Amino acid sequence: MDNSMERWRMLIASFQRLEWIDISIAFGIFLIFLVFRKLFTKYVFKFIVSLTRRTPTHVFTDVLLSFEKPLRLFWIVLGTYLALLYLPFNITTTEFVQHIYRSFIIMLLGWGLHNYMSAHSAFFFRFAKRVELDEDSMLVPFLSKILRFSVIALTIVVIAGEWGYSISGFIAGLGLGGLAFALAAQDTIGNFFGGIIIITEKPFSKGDWIKTPSVEGTVEDITFRSTQIRTFADSIVTVPNSTLANEPITNWSQMTKRQITFKVGVTYSTPRHKLERCVHRIDTLLREHEEVNQDLIMVRFSDFNNSSLDIFVYFFTNTTAWTEWYRIKEDINFKIMNILEEEGVEIAFPSRSLYVEKDHQDVMQEMLKDEVEEDHTAENEKSST
1 MDNSMERWRM LIASFQRLEW IDISIAFGIF LIFLVFRKLF TKYVFKFIVS LTRRTPTHVF
61 TDVLLSFEKP LRLFWIVLGT YLALLYLPFN ITTTEFVQHI YRSFIIMLLG WGLHNYMSAH
121 SAFFFRFAKR VELDEDSMLV PFLSKILRFS VIALTIVVIA GEWGYSISGF IAGLGLGGLA
181 FALAAQDTIG NFFGGIIIIT EKPFSKGDWI KTPSVEGTVE DITFRSTQIR TFADSIVTVP
241 NSTLANEPIT NWSQMTKRQI TFKVGVTYST PRHKLERCVH RIDTLLREHE EVNQDLIMVR
301 FSDFNNSSLD IFVYFFTNTT AWTEWYRIKE DINFKIMNIL EEEGVEIAFP SRSLYVEKDH
361 QDVMQEMLKD EVEEDHTAEN EKSST
C-alpha cells in the first residue's frame with residue numbers, strides 16, 4: 001500500500017515537472033497514429049482484404065472484416081500508449097495503467113469475435129451448407145445468439161481475471177449457484193431446451209404458416225424462451241417453447257395442394273336420373289377445370305340425409321395460396337349452381353313433413369264437431385235467460 005502511494009506521488013510530481021516540448025511531442029505521436037489509422041483503414045486494410053479474397057478459403061477475409069472496427073480503435077489505444085511511453089516518467093509501468101490497456105486489448109478481441117459470430121457471417125453460411133439447412137432455418141440465428149453470448153461472458157471473465165478477481169472462485173460460485181438457479185428457473189430452462197428441440201427437428205421454418213391448439217399464424221422469430229407468431233389478425237402471439245414443443249403442429253406451408261370438400265344437398269323429390277346427371281356433370285366440371293388438381297377427385301351420391309339427398313364433393317386445388325384457393329372455390333360453387341338450375345334440381349333446406357292418418361282425422365273432426373255444438377248450446381241458454 002505504501003509503495004503504491006509513493007508511486008502515485010512520484011507520478012504527480014513528474015506531471016508537474018513536464019515541459020511543453022515533451023507534451024507537444026507526445027501529442028504529435030498521438031496525431032501521427034490518428035493519421036495512420038485513417039490511411040490504414042482506407043487503403044492498407046482494403047488492399048489486404050482484396051488479397052485474401054483471392055485465396056481458396058474466405059476464412060481470413062471473414063476474420064479481417066469482423067475485426068475492421070476493433071482495428072480502428074486499436075490504433076487509437078496504441079497511439080495513446082506510445083505517447084505516454086515517450087513522456088519522461090514511467091506511467092506505463094504503473095500497474096493500474098497496464099491493467100487498463102490490457103483490458104482494452106481483451107475487449108477489442110472479444111468485439112471482433114462477437115462480430116465473427118454474427119448470424120449473417122460466412123462462417124454460419126458454410127455451416128448451414130454443410131449440414132444442408134434451409135436458408136430460412138432458425139438454427140443459424142439461434143446458434144449465433146448462443147455463441148455471441150458465450151463470447152461476451154468469456155470476455156468479461158478474462159477482464160475480471162486481469163483485475164485480480166479469482167476466476168476459479170467465480171466458476172465455483174456458478175457451480176454452487178447453478179443448482180439453485182435451475183430449481184428457480186425450471187420454466188425458463190424448459191423453454192430453452194424446447195427451443196433447441198424445435199430448431200433441430202425443424203417442424204417449421206421462419207415465415208411458415210403453422211397451426212397448433214394454442215395459435216395459428218406465421219412464424220416470425222424464435223428466441224431462447226419463446227417463439228413469436230403473427231396471427232391473421234396481424235397481432236403477435238408469443239408462445240413459450242416448452243408449450244410449442246409438446247403440441248401437435250400443423251405446417252400448412254408444406255402443402256403441395258389444398259383440399260376442398262363439401263356436400264350438396266338436393267330435395268327428396270329429385271328423380272334418380274336427374275340426380276345421376278348432376279353427379280356426372282359436377283365430376284366432369286372438376287376434371288376439366290385447369291386449376292383443380294387431377295390426382296384425386298371424388299363426386300358421389302353419398303347419403304340419405306334427414307331432409308336431403310347428399311352429393312359428396314372432394315378435390316384439391318393446385319394453388320395453396322389462401323386468396324386464390326377461395327377464388328377457385330367460389331368459381332366452382334357458382335358453376336355447380338348453374339348445373340343444378342339447368343337440370344331443374346332444387347337445393348334442399350332443413351324441413352319436416354307432418355303426416356296424419358285417416359282414423360286420426362275422424363277423431364279430430366268429431367272433437368271439433370262436439371266443440372261447435374257445445375258453443376251453440378251455451379249461446380242458446382244465454383239468449384233464453
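225 is the number that UniProt numbering gives to position 225 of the sequence shown; each next residue is one higher, with no gaps.
Just so it is clear, CB atoms sit at the ideal spot from N, CA and C, and this is done for glycine as well.
All of these numbers come straight from a predicted model, not from anything done at the bench.
Contact test: residue i Cβ vs the ligand ADP heavy atom, cutoff 7 Å
i, result
"THR223", "Summarising the ligand content, the structure contains no ligands, and the ligand ADP is consequently not present."
Euclidean distance between Cα positions of residue i and residue j
i, j, result
"PHE47", "ASN115", "21 Å"
"TYR101", "LYS206", "43 Å"
"PHE30", "SER235", "54 Å"
"LEU82", "ILE146", "37 Å"
"GLU346", "THR270", "8 Å"
"GLN98", "ARG148", "27 Å"
"LYS202", "ILE196", "10 Å"
"ILE32", "VAL44", "16 Å"
"GLY344", "GLU276", "13 Å"
"THR231", "GLY217", "4 Å"
"ASP62", "GLU68", "10 Å"
"ILE156", "THR80", "23 Å"
"LEU296", "THR223", "41 Å"
Of the listed residues the options, nearest to residue i (C-alpha basis)
i, options, result
"ASN305", "VAL266, ILE156, TYR43", "VAL266"
"LEU109", "ARG281, TRP322, ASN333, PRO70", "PRO70"
"SER226", "GLN254, THR238, VAL219", "THR238"
"THR256", "SER242, ILE76, TRP325", "TRP325"
"LYS38", "ASP208, ARG281, ILE76, MET117", "ILE76"
"LEU285", "PHE334, PHE60, THR155", "PHE334"
"MET298", "HIS289, ILE198, ASP283", "ASP283"
"VAL279", "LEU340, GLY217, VAL35, GLU162", "LEU340"
"PRO240", "VAL215, PHE96, ALA153", "VAL215"
"ALA153", "MET107, ILE21, ILE198, PRO350", "MET107"
"ILE336", "LEU73, HIS289, VAL157", "HIS289"
"GLY164", "LYS42, PHE96, ILE105, GLY79", "PHE96"
CB contact flag (residue i, residue j, <8 Å)
i, j, result
"ASP310", "LYS263", "yes"
"THR317", "ASN293", "yes"
"SER300", "PHE312", "According to the sequence shown, residue 300 is Arg rather than Ser. A contact, by the Cβ cut-off of 8 Å."
"SER302", "ALA348", "no"
"GLU291", "ILE260", "no"
"ARG258", "THR323", "no"
"GLY194", "SER144", "no"
"ILE198", "ALA233", "no"
"SER103", "GLU162", "yes"
Own chain, CB closer than 6 Å to residue i, minus 5 neighbours either side, in chain order
i, result
"LYS211", "THR250"
"TRP111", "PRO70"
"ASP221", "GLN228"
"ASP208", "VAL219, ASN251, SER253"
"PHE204", "ILE210, VAL219, ASN251"
"PRO350", "SER307"
Nonlocal neighbours in the same chain, by C-beta distance under 8 Å from residue i, ignoring five residues either side
i, result
"MET1", "Only weak support is given to the placement of MET1: the predicted model assigns it a pLDDT of 48, under 50, and the value that follows is read from those uncertain coordinates. Closer than 8 Å at Cβ, skipping near neighbours: no residue."
"ILE213", "Checking the sequence, you will find Pro at residue 213 rather than Ile. Only GLU247, PRO248 meet the Cβ criterion."
"VAL151", "GLY110, LEU113, HIS114, MET117"
"PHE40", "LEU71, TRP75"
"ALA26", "ALA83, LEU84, TYR86, LEU87"
"ARG287", "GLN294, ILE297"
Other residues of its chain near residue i: CB distance less than 7 Å, five sequence neighbours each side excluded
i, result
"LEU64", "ILE48, VAL49, THR52"
Extract the residue ranges of the alpha helix (DSSP H) inside the region 229 to 300, only unbroken runs of 4 or more that lie entirely within it. 241 to 245, 272 to 288
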